[in-house]
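Undergrad: In UniProt numbering, the protein residues as written are 1 to 248. Below is the structure I would like to discuss, written out as structure tokens.
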């Protein structure tokens, strides 16, 4: 364990217990995909994002694909420069390199530089400055509270390629289309199309991290052709599936 939090190699499906830390921390997936669950919802953290969880927020992590998780805890004086709520930032190249430097090499060589306290403090300040300059770009799956939406979410998660309409899904759980549409707007701030697209992209992130190619992933997640999948994925994630795969 490194003093700054460290490196943790998690097999696919590994889940941490619910926990709360006094200090806020940054989480980065150098490989694989992490899901960070807080009371605000589920944030997806692929290799081009950094997740921030302030001190005092209950949370837990789940690995999708074999995941190289990096954790950096921040002192209160540095943490106050970041939001007082969970957030996900687009990671610059410099931010990624600083995270790796603070938590060990990316490969399996244990030989890593040992920084003095003052050098580490400077690196942490560079990291936080980079995140403050970056725009927040969450990949968030809001957690529905209503039991009817939860039931629909389960069906969509179990069968992401299913193209059932909202009316068909509602019939299966005994809820009308108008009711479900209203709940989606009020609870999640999304249309059904937007919500299902986010759920599908979430599954695509997992499949790509597990090594599936773009075409197979597109079909498994409900897209009839790869070009439509690439467009939706790029719009939400900020990079193409092919580039994302090479980073995972």
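All C-beta atoms in this analysis are idealised placements derived from N, C-alpha and C, irrespective of residue type, glycine included.
1) Suppose the cutoff is 7 angstroms on Cβ atoms and the five residues either side in sequence are ignored; what does the same chain contact list for residue 124 look like?
2) Apart from the five residues just before and just after residue 137, which ones in its own chain have a Cβ nearer than 8 angstroms to its Cβ?
3) If you reduce the DSSP assignment to three classes, tell me which class residue 68 lands in.
4) Rounded to whole angstroms, what's the CA-CA distance from residue 27 to residue 52? Just pull it up for me.
5) Buried or exposed for residue 140, please, with buried defined as at least 16 other CB atoms from any protein chain shown within 10 angstroms of its CB.
6) Could you spell out where the alpha helix (DSSP H) holding residue 79 opens and where it closes?
7) Beta-carbon within less than 6 angstroms of residue 210's beta-carbon, same chain only, minus the 5 sequence neighbours each way: which residues are those?
8) Would you tell me roughly how many angstroms separate the C-alpha atoms of residue 101 and residue 130, rounded to the nearest one?
9) Does the separation of the CB atoms of residue 103 and residue 24 fall below 7 angstroms?
10) Once DSSP output is grouped into helix, strand and coil, what is the label at residue 192?
11) With DSSP collapsed to three states, give me the class of residue 108.
12) Here's the rule: buried if 16 or more other CB atoms are within 10 angstroms of the residue's CB, otherwise exposed. What is residue 68?
13) For my contact list, residue 33 and residue 201 are in at a C-beta cut-off of 8 angstroms; report their separation, rounded to the angstrom.
14) Where are the beta strand (DSSP E) runs, 3 residues long or more, that stay fully inside the segment 161-212, in chain order?
15) Within the same chain, show all residues whose beta-carbon is closer than 7 angstroms to that of residue 4, passing over the 5 residues directly before and after it, in chain order.
16) Check whether the segment 214-224 and the segment 173-185 touch, using three or more Cβ-Cβ pairs below 8 angstroms as the test.
17) If the criterion is Cβ atoms closer than 7 angstroms, does the pair residue 57 and residue 42 meet it?
18) Roughly how far, in whole angstroms, is the beta-carbon of residue 244 from the beta-carbon of residue 208, given that I think they are within contact range, below 8 angstroms?
19) Kindly identify the DSSP beta-bridge partner or partners of residue 141.
20) Under three-state DSSP, which class holds residue 239?
21) From residue 228 to residue 194, what distance separates their C-alpha atoms?
22) Is residue 21 near the ligand SAH, going by C-beta to nearest heavy atom under 6 angstroms?
23) Since I believe residue 21 is in contact with residue 55 (beta carbons under 8 angstroms), could you give me their beta-carbon distance rounded to a whole number of angstroms?
24) Can you tell me where the alpha helix (DSSP H) with residue 82 in it begins and where it stops?
TA: Taking the coordinates as given:
1) Translated into positions along the chain shown, residue 124 becomes position 124. Only 74, 78 meet the Cβ criterion.
2) Taking the chain shown and counting its residues from 1, one reaches residue 137 at position 137. Non-local beta-carbon contacts of residue 137 in its own chain, meaning distances under 8 angstroms to residues more than five positions away in sequence, involve 49, 88, 89, 90, 238 in chain order.
3) Looking up residue 68 in the chain shown gives position 68. DSSP places residue 68 in strand when its eight states are reduced to three.
4) Here residue 27 corresponds to residue number 27 of the chain shown, with the count starting at 1. Here residue 52 corresponds to residue number 52 of the chain shown, with the count starting at 1. Answer to the nearest angstrom: the Cα atoms are 7 angstroms apart.
5) To locate residue 140, count along the chain shown from 1; it is residue 140. Looking at its Cβ environment, which holds 16 or more other Cβ atoms inside 10 Å, residue 140 is buried.
6) Taking the chain shown and counting its residues from 1, one reaches residue 79 at position 79. Start and end: 76-79.
7) For this step, residue 210 is matched to residue 210 along the chain shown. Taken in chain order, the residues that qualify are 65.
8) Sequence index remark: in the chain shown, residue 101 carries index 101 (1-based). Sequence index remark: in the chain shown, residue 130 carries index 130 (1-based). Going from the Cα of residue 101 to the Cα of residue 130 covers about 15 angstroms.
9) As a position in the chain shown, residue 103 is number 103, starting the count at 1. As a position in the chain shown, residue 24 is number 24, starting the count at 1. Contact: no.
10) As a working mapping, residue 192 is identified with position 192 in the chain shown. Three-state DSSP puts residue 192 in a helix.
11) Numbered from its first residue, the chain shown carries residue 108 at position 108. Model confidence at residue 108 stands at a pLDDT of 49, short of 50, so the residue's coordinates are unreliable and nothing is read from them.
12) Within the chain shown, residue 68 is the residue found at index 68, counting from 1. Buried is the call here.
13) As a first step, residue 33 must be located in the chain shown, where it is residue number 33. As a first step, residue 201 must be located in the chain shown, where it is residue number 201. About 11 angstroms separates the two Cβ atoms, so there is no contact after all.
14) none
15) If you number the chain shown from 1, residue 4 lands on position 4. Confidence is the limiting factor: at residue 4 the pLDDT is only 45, short of 50, which leaves the residue's position unreliable, though a coordinate-based value still follows. For residue 4, where only same-chain residues beyond five positions count, the Cβ hits under 7 angstroms are 72, 73, 102, 103, 120.
16) no
17) Translated into positions along the chain shown, residue 57 becomes position 57. Translated into positions along the chain shown, residue 42 becomes position 42. Not closer than 7 angstroms, so no.
18) Position 244 of the chain shown holds residue 244. Position 208 of the chain shown holds residue 208. A Cβ-Cβ distance of about 6 angstroms is found for the pair residue 244 and residue 208, placing them in contact under the 8 angstroms criterion.
19) Residue numbering aside, residue 141 sits at position 141 when the chain shown is read from its first letter. Residue 141 is bridged to 42.
20) Here residue 239 refers to the residue found at position 239 of the chain shown. Reduced to three states, the DSSP call for residue 239 is coil.
21) In the chain shown, counting from the first residue as 1, residue 228 sits at position 228. In the chain shown, counting from the first residue as 1, residue 194 sits at position 194. Cα to Cα, the separation comes out at about 14 angstroms.
22) The ligand content of the structure shown is nil, which means the ligand SAH is not present either.
23) Taking the chain shown and counting its residues from 1, one reaches residue 55 at position 55. Taking the chain shown and counting its residues from 1, one reaches residue 21 at position 21. That pair is a contact at about 6 angstroms.
24) Sequence index remark: in the chain shown, residue 82 carries index 82 (1-based). Residue 82 -> no alpha helix (DSSP H), and no H or E assigned at all.
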